[in-house]
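Asks: All residue numbers for the sequence shown refer to our numbering, where the first residue is 557 and numbers rise by one.
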Amino acid sequence: MHFSRAVHFCCIIVLPWSVEIMLRILRNKAQSTLIQGMVLLIAVVFIFWGVGSNMNGNRNSIAVVNGQEISIQAYQQAYDQAVEKYRRQFNGQVPPDFFDKINLKGRVVGQLIQDELLRQGAAAMGLTISKKAIQRQVEQMPVFQKDGHFNLERYKTILNRNRRTPKSFEGGLYNEMLTKRVVRAVGSFAVLPESEVKKWLDFAGEEIKLAVQAVNGADFENKVEVKDADLVAWFEQHKNEYTTEPKIRVQYLLFDADKAMSQVQLSDDELKSRYENDLAAYQVPEQRHARHILFKVDKDADEQLVAKKKKEAEKVLALAKSGKDFAGLAGKFSEGPTAKNGGDLGFFPRGRMVKSFDDAVFSLHQGEISGLVRSPFGFHIIKLEEIRPAVTRPFADVKSELAEKVKKEEAKALAFKEASAAYEGIMRAGSLEKYSKQQGVKVIQTDFFSRSALPKGVVADPAFAKEAFSLGKGELSSLVDVKKGYAILFVTDVKPPVVPPLADVRERVIRDYQKEQAVDFAQKEADKLLARAQKEGKLTGKDIILTDYLKRGTTRADGVPGEVIVDAFSLPPKTVFPEHPVRTGNTFYLYRIMDRRQNNDTIDTQTKDQLRKQLLVDQRNRLLMDWLTDLQKKAEIWTNDSILK
557 MHFSRAVHFC
567 CIIVLPWSVE
577 IMLRILRNKA
587 QSTLIQGMVL
597 LIAVVFIFWG
607 VGSNMNGNRN
617 SIAVVNGQEI
627 SIQAYQQAYD
637 QAVEKYRRQF
647 NGQVPPDFFD
657 KINLKGRVVG
667 QLIQDELLRQ
677 GAAAMGLTIS
687 KKAIQRQVEQ
697 MPVFQKDGHF
707 NLERYKTILN
717 RNRRTPKSFE
727 GGLYNEMLTK
737 RVVRAVGSFA
747 VLPESEVKKW
757 LDFAGEEIKL
767 AVQAVNGADF
777 ENKVEVKDAD
787 LVAWFEQHKN
797 EYTTEPKIRV
807 QYLLFDADKA
817 MSQVQLSDDE
827 LKSRYENDLA
837 AYQVPEQRHA
847 RHILFKVDKD
857 ADEQLVAKKK
867 KEAEKVLALA
877 KSGKDFAGLA
887 GKFSEGPTAK
897 NGGDLGFFPR
907 GRMVKSFDDA
917 VFSLHQGEIS
927 GLVRSPFGFH
937 IIKLEEIRPA
947 VTRPFADVKS
957 ELAEKVKKEE
967 AKALAFKEAS
977 AAYEGIMRAG
987 SLEKYSKQQG
997 VKVIQTDFFS
1007 RSALPKGVVA
1017 DPAFAKEAFS
1027 LGKGELSSLV
1037 DVKKGYAILF
1047 VTDVKPPVVP
1057 PLADVRERVI
1067 RDYQKEQAVD
1077 FAQKEADKLL
1087 ARAQKEGKLT
1097 GKDIILTDYL
1107 KRGTTRADGV
1117 PGEVIVDAFS
1127 LPPKTVFPEH
1137 PVRTGNTFYL
1147 YRIMDRRQNN
1157 DTIDTQTKDQ
1167 LRKQLLVDQR
1177 NRLLMDWLTD
1187 LQKKAEIWTN
1197 DSILK
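(1) Could you check whether the segment 812-828 touches the segment 946-959, counting it as contact only if at least three pairs of C-beta atoms, one from each stretch, sit closer than 8 Å?
(2) From the DSSP output, in three-state form, read off Gly934 for me.
(3) Run through DSSP, which three-state label would Gln1079 get?
(4) Measure the alpha-carbon distance for Ile943 versus Pro905 and round it to whole angstroms.
(5) Helix, strand or coil for Ile1066? Go by DSSP, reduced to three states.
(6) Find the nearest neighbour of Gly743 within the set Arg847, Arg805, Asp858, judged by alpha-carbon distance.
(7) Just mark Lys1190 as buried or exposed, buried being the case when its beta carbon has 16 or more other beta carbons within 10 Å.
(8) Have a look at the DSSP bridge pairing and note the partners of Arg944.
(9) In chain order, what residues of the same chain lie with their CB nearer than 6 Å to the CB of Asn772, ignoring the 5 residues before and after it?
(10) Pick out whichever of Asp1060, Asn1196, Asp775, Asp900 has its Cα sitting closest to the Cα of Thr800.
(11) Going by DSSP, what residue range makes up the alpha helix (DSSP H) through Asp1151?
(12) Using only CA atoms, which one of Gly923, Leu901, Ile938, Asp900 lies nearest to Ala916?
(13) Compare the beta carbon distance of Arg908 and Tyr838 with 9 Å and say whether it is the shorter of the two.
(14) When the Cα atoms are used, what is the spatial distance from Arg1139 to Lys855?
(15) Who are the Cβ neighbours of Ala869 in its own chain at under 7 Å, not counting the five residues just before and after it?
(16) Using the rule of at least 16 other Cβ atoms within 10 Å of the residue's Cβ for burial, across every protein chain shown, is Leu708 buried or exposed?
(17) I need the boundaries of the alpha helix (DSSP H) containing Val694, first residue and last residue.
(18) List the residues that DSSP assigns as beta-bridge partners of Leu1032.
(19) Of all the alpha helix (DSSP H) runs that stay within the bounds of the segment 879-943, which reach a length of 4 or more residues?
(20) What does a CB cutoff of less than 8 Å around Val788 pick up in its chain, not counting 5 residues either side in sequence?
(21) How many angstroms separate the CA atom of Lys1039 from the CA atom of Glu640?
(22) Would you grab the beta carbon distance between Asn537 and Ile618 for me? Rounded to a whole angstrom, and I think it's under 8 Å.
(23) Could you check which residue in Phe706, Ala760, Asp703, Ile804 has the C-alpha nearest to that of Pro1053?
(24) Just verifying my parser: in three-state terms, what is the DSSP assignment at Leu1095?
(25) Between the alpha carbons of Pro1137 and Tyr798, how many angstroms are there, rounded?
(26) Here's the rule: buried if 16 or more other CB atoms are within 10 angstroms of the residue's CB, otherwise exposed. What is His848?
(27) Can you find the residues in the same chain that come closer than 8 Å, C-beta to C-beta, to Val782, ignoring five residues on each side of it along the sequence?
(28) Considering Cα atoms alone, identify which of Gln1001, Gly1013, Ser992, Ala1024 is closest to Arg1007.
(29) So, Thr1103 versus Ala1089, is the Cβ gap smaller than 9 Å?
(30) Checking 9 Å against the spacing of the C-beta atoms, do Glu763 and Arg1153 come in under that value?
(31) Can you tell me the Cβ-Cβ gap for Leu674 and Leu1184, rounded? I've got them flagged as a contact below 8 Å.
(32) Cutting at 7 Å between CB atoms, please list the residues of its own chain near Ala883, excluding the five before and the five after it.
(33) Shortest alpha-carbon distance to Arg692 belongs to which of Phe706, Lys765, Leu901?
(34) Three-state secondary structure (DSSP) at Lys1135?
(35) Less than 9 Å between the C-beta atoms of Ile690 and Arg737, yes or no?
(36) Taking all protein chains shown into account, do 16 or more other C-beta atoms lie within 10 angstroms of the C-beta of Gln1170, making it buried, or fewer, making it exposed?
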């Protein structure tokens, strides 16, 4: 837009004037006019240079936000990362045109613009991230550590493997850390009114009592009359559901590694040498036996909740330090799953637990109790019960298992050698059949089989089956690595999928037809019973279930499925019957709400704290989105539409 206006100005006003001045110069050769012309030409050059550089900047940018360019390189990197994320989600099989349908290009640019607005907003608020803070963050990342310490070589290797440079990675980390700081800063203005908390507590504390009646489709199957004409018509509509699986018939040779075991002979010296070469495999690291008392605090909890939990933990820590039974204290006060076992975590090696917990445990002496240890789960009080030093299992203890392992490896190698020789022989002979006759080797022949009905034995091995169904008729496999050794297989025949005639699947079709028709009968009966109940104000008939008071979120109660409970809680306050029966599977449920009550007393303190925290998070998110929306409305944003098309 700015470029087109500049060109228009130059072409309509500046250029004709410059031409006129140049003509005067040629005619009069006046010194003053000459100077005017030179000044004008310099001005024109600068105008075009400025316009050109602005345009070139746009060409190299995907967007400009308040004069700040977002480079095409940054866009391409973000786009590639988004594509890779979706590929992982779809296991590499992304549907055709998926990225166009979800407008991935637009999404990526939108996110980059939002990130830039957030950075600019942070700058306006005086927020920044120091280089030292980024360095500390990098050094604390376990993926870049070796033996518990940051390793520069590992850092560079991992970044290089992922086609990243330290500059680009740390730039992304800067944005991530700045975003978190801005979110905290903006979120600090969020206010959660008590009325909002009470509204949600009332919502969570509502309880209902139900009368429920079930109408099961299976009860109507014997009432379904099967007429040939109806069955034929129904089968015609559903016949593709009865399509058979493809079937194949194969010949194969198996080179059994177990049978080759008898050919393997190992001496003690060979085993001893193998043991010494693989000594690291027999090293058992130091393990420590610890108990802990956990006071749960989410890593994003507000300061008020953190302070409250810390105070509770400090009181229990004082009791533990004074000599009170640690297991008893854990059973009474711990909020973790090990409380019932006295906080017992058993033995574990270094690196098994989160870093802060791990560091604390491996810094204690036997019998010592830690101070408060903060982790992503909350505050811990830890007692080290026992230390089991690192040891190397002696040769005598591992000799038999090592011998078994080496024999299996050697036997598998012998089977591979035998299979490779056979494969070369088949190639020279021209076919498996000819090789069999030349060498007097018996080829095993299967009958037809499908994927869902594999014969017993090696054919049922997943690797064998996968290879077999990847081949066409008359194709020979390469060596197939199976659990028992190696196999070579040849597909002799293939039966493609077909829709069978009704006569071949008649009994199955009748069962399916009756089941479907029975569900229709059940639905009509449920509709009739519900209409009568709504008219009379009560459920009538047998097998009516009366529940106790149910809380919102109850998944199942007294044979009443969760779908019915969810539906009941969705009704307006004065409505007691559903509009339609609730279907789950082939059963229809009708119900009446017998009573409602408010019971906030059953909501424990932890649940209330979690609700308050979640509501505050929601408030902060809304405030952040409103802030970003306001920034975007006020911003001057240009996007490179030629790339996004």
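Just so it is clear, CB atoms sit at the ideal spot from N, CA and C, and this is done for glycine as well.
Replies: Quick look at the numbers:
(1) yes
(2) On the sequence shown, residue 934 is found 378 positions in, with the first residue counted as 1. Three-state result, Gly934: strand.
(3) Walking along the sequence shown from the start, residue 1079 turns up at place 523. Helix.
(4) The residue you call residue 943 lines up with position 387 of the sequence shown. The residue you call residue 905 lines up with position 349 of the sequence shown. Between Ile943 and Pro905, the C-alpha separation is close to 10 Å.
(5) For the purposes of this step, residue 1066 is taken as residue 510 along the sequence shown, with counting starting at 1. Note: Ile1066 maps to helix in three-state DSSP.
(6) The residue labelled residue 743 in the question sits at position 187 within the sequence shown. Residue Asp858 is the option with its Cα nearest to Gly743.
(7) One-based indexing of the sequence shown puts residue 1190 at position 634. By the 10 Å Cβ count, Lys1190 comes out exposed.
(8) Here residue 944 refers to the residue found at position 388 when the sequence shown is read from its first residue. The partner list for Arg944 (beta bridge, DSSP) reads Gln843.
(9) In the sequence shown, the residue the question calls residue 772 occupies position 216. Excluding residues within five positions, the ones whose Cβ falls inside 6 Å are Thr1143.
(10) Here the question's residue 800 lines up with position 244 in the sequence shown. Ranking Asp1060, Asn1196, Asp775, Asp900 by Cα distance to Thr800 puts Asp1060 first.
(11) Here the question's residue 1151 lines up with position 595 in the sequence shown. Counting along the chain, Asp1151 falls outside any alpha helix (DSSP H), though it belongs to the beta strand (DSSP E) covering 1143-1154.
(12) Position 360 of the sequence shown holds residue 916. Taking only the C-alpha atoms, the option nearest Ala916 is Ile938.
(13) Reading the sequence shown from its first residue, position 352 is the one you call residue 908. Reading the sequence shown from its first residue, position 282 is the one you call residue 838. Not closer than 9 Å, so no.
(14) For this step, residue 1139 is matched to residue 583 along the sequence shown. For this step, residue 855 is matched to residue 299 along the sequence shown. Taking the straight line joining both Cα atoms gives about 41 Å.
(15) In the sequence shown, counting from the first residue as 1, residue 869 sits at position 313. Hits under 7 Å: Phe851, Leu928, Phe935, Ile937.
(16) Taking the first residue of the sequence shown as position 1, residue 708 is located at position 152. By the 10 Å Cβ count, Leu708 comes out exposed.
(17) Mapped onto the sequence shown, residue 694 falls at position 138. Where Val694 is concerned, the enclosing alpha helix (DSSP H) stretches over 687-695.
(18) Translated into positions along the sequence shown, residue 1032 becomes position 476. Paired residues: Phe1046.
(19) 882-889, 911-917
(20) Along the sequence shown, one-based indexing puts residue 788 at 232. Within the same chain, Val788 has close Cβ partners Leu1058.
(21) Taking the first residue of the sequence shown as position 1, residue 1039 is located at position 483. Taking the first residue of the sequence shown as position 1, residue 640 is located at position 84. Going from the Cα of Lys1039 to the Cα of Glu640 covers about 34 Å.
(22) Nothing about residue 537 can be reported from this structure: the residues present for the chain run from 557 to 1201 only.
(23) Walking along the sequence shown from the start, residue 1053 turns up at place 497. Closest by C-alpha distance to Pro1053, out of Phe706, Ala760, Asp703, Ile804, is Ile804.
(24) Translated into positions along the sequence shown, residue 1095 becomes position 539. It is coil, neither helix nor strand.
(25) Here residue 1137 refers to the residue found at position 581 when the sequence shown is read from its first residue. Here residue 798 refers to the residue found at position 242 when the sequence shown is read from its first residue. Each residue's alpha carbon lies about 31 Å from the other.
(26) Taking the sequence shown and counting its residues from 1, the one referred to as residue 848 is at position 292. That one is buried.
(27) On the sequence shown, residue 782 is found 226 positions in, with the first residue counted as 1. Result list for Val782: Ile1066, Tyr1069, Gln1070, in chain order.
(28) In the sequence shown, residue 1007 corresponds to position 451, counting from 1. Nearest option by C-alpha distance: Ala1024.
(29) Residue mapping note: residue 1103 aligns to position 547 of the sequence shown, counting from 1. Residue mapping note: residue 1089 aligns to position 533 of the sequence shown, counting from 1. Not in contact: Thr1103 and Ala1089 (Cβ atoms no closer than 9 Å).
(30) By one-based count along the sequence shown, residue 763 stands at place 207. By one-based count along the sequence shown, residue 1153 stands at place 597. Cβ distance < 9 Å, so Glu763 and Arg1153 count as in contact.
(31) Within the sequence shown, numbered from 1, the residue matching residue 674 stands at position 118. Within the sequence shown, numbered from 1, the residue matching residue 1184 stands at position 628. That pair is a contact at about 7 Å.
(32) On the sequence shown, position 327 is the one that residue 883 refers to. Counting only Cβ-Cβ distances below 7 Å, and skipping sequence neighbours, we find Arg847, Gly898, Gly899.
(33) Counting from one through the sequence shown, the residue named residue 692 turns up at place 136. Here the closest residue by C-alpha is Phe706.
(34) Within the sequence shown, numbered from 1, the residue matching residue 1135 stands at position 579. With the sequence shown as reference, residue 1135 is identified as Glu, and Lys is not the correct amino acid for it. Residue state, collapsed to three classes: coil.
(35) By 1-based counting over the sequence shown, the position of residue 690 is 134. By 1-based counting over the sequence shown, the position of residue 737 is 181. Not in contact: Ile690 and Arg737 (Cβ atoms no closer than 9 Å).
(36) Within the sequence shown, the letter at position 614 stands for residue 1170. Gln1170 should be labelled exposed.
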